[in-house]
Amino acid sequence: MKAELMALREFEKDEVFSCISGLIKSAGQIDDGYKQEAVSWYCDSVCRMAEAAEMMGICGNLWQSWLAMLFAKTETPFSLAQERRKELDGTLSRVVKDDLETIRFYFNFDLKLIDEDLEVDAFARFGDYDPLRLENGALERNAGHVVQEFVDSLRNAPDTETFYGEILRFHYIRGSGQY
Numbered sequence: 005m006k007a008e009l010m011a012l013r014e015f016e017k018d019e020v021f022s023c024i025s026g027l028i029k030s031a032g033q034i035d036d037g038y039k040q041e042a043v044s045w046y047c048d049s050v051c052r053m054a055e056a057a058e059m060m061g062i063c064g065n066l067w068q069s070w071l072a073m074l075f076a077k078t079e080t081p082f083s084l085a086q087e088r089r090k091e092l093d094g095t096l097s098r099v100v101k102d103d104l105e106t107i108r109f110y111f112n113f114d115l116k117l118i119d120e121d122l123e124v125d126a127f128a129r130f131g132d133y134d135p136l137r138l139e140n141g142a143l144e145r146n147a148g149h150v151v152q153e154f155v156d157s158l159r160n161a162p163d164t165e166t167f168y169g170e171i172l173r174f175h176y177i178r179g180s181g182q183y
């Protein structure tokens, strides 16, 4: 696994991504002096993921849904170049594929391990997230079904190449930065 993102470095600016990916990188190695701060940051991040899933009406793994939302809303040189176009080839495409190796590792990481590491019941409490069934229009969830379809396609990707293909397909059909 390559630890540092390059082409998708913009993801690092997202507080939730930064928190969770940092905890994944240091899993099993968090010292007691940092633990209290890490617990607070982690719980805030889990709550933000749950809030976003609820607002959009997205089901399933909160962390995977958050990553799909990042791909959908974050404009990068790669996503902007790929939107509404067939696959482009070049150095940037290769570096994105390298980054996706790391992101797929994060995507498939079981955050319950961080719960255990931090001795807190945060991610596990939300389980396989199921948003409230709201009566007609209580929350504006129009974009939620788009992100739900996208995260489901990423969940079903058996390898990085297929994961990459699903991201390309999303940007080709939906564009970049709209969700």
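Heads up, this note's numbering is the position in the sequence shown plus 4, with the first residue counted as 1. Even for Gly, the Cβ is constructed at its ideal location relative to N, Cα and C. What you are looking at is a predicted structure, and each value in this text was computed from that prediction instead of being measured.
Item: In the DSSP output, which residue or residues are listed as bridge partners for residue 176?; Value: DSSP output for residue 176 lists no bridge partner at all.
Item: Hey, could you find the ends of the alpha helix (DSSP H) residue 79 is sitting in?; Value: Where residue 79 is concerned, there is no enclosing alpha helix (DSSP H), given that its DSSP letter is neither H nor E.
Item: Check residue 168 in the structure and name its three-state DSSP category.; Value: helix
Item: Quick check on DSSP: helix, strand or coil for residue 64?; Value: strand
Item: In whole angstroms, what is the alpha-carbon distance linking residue 44 and residue 66?; Value: 18 Å
Item: I'd like the list of long-range same chain contacts for residue 161, defined as Cβ closer than 6 Å, with 5 residues on each side in sequence excluded.; Value: 167, 170
Item: Per DSSP, what are the beta-bridge partners of residue 133 in this structure?; Value: 64
Item: For the alpha helix (DSSP H) that residue 120 lies in, which residues bound it at each end?; Value: 116–122
Item: How far does the alpha helix (DSSP H) with residue 12 in it reach, from first residue to last?; Value: Here residue 12 belongs to no alpha helix (DSSP H), and DSSP marks it neither H nor E.
Item: Which word fits residue 137, buried or exposed, when buried means at least 16 other C-beta atoms lie within 10 angstroms of its C-beta?; Value: exposed
Item: Hey, how far is the Cα of residue 49 from the Cα of residue 90?; Value: 35 Å
Item: Alpha carbons only, please: which of 72, 95, 19 is nearest the one belonging to residue 46?; Value: 19
Item: How far does the alpha helix (DSSP H) with residue 26 in it reach, from first residue to last?; Value: 19–29
Item: Can you give me the Cβ contacts of residue 52 inside the same chain, cut-off strictly under 6 Å, excluding the 5 residues immediately before and after it?; Value: 20
Item: Excluding the 5 residues flanking residue 82 on each side, which residues of the same chain have their C-beta closer than 6 Å to its C-beta?; Value: 11, 96, 100
Item: Can you tell me which of 13, 8, 14, 30 puts its alpha carbon nearest to the alpha carbon of residue 119?; Value: 30
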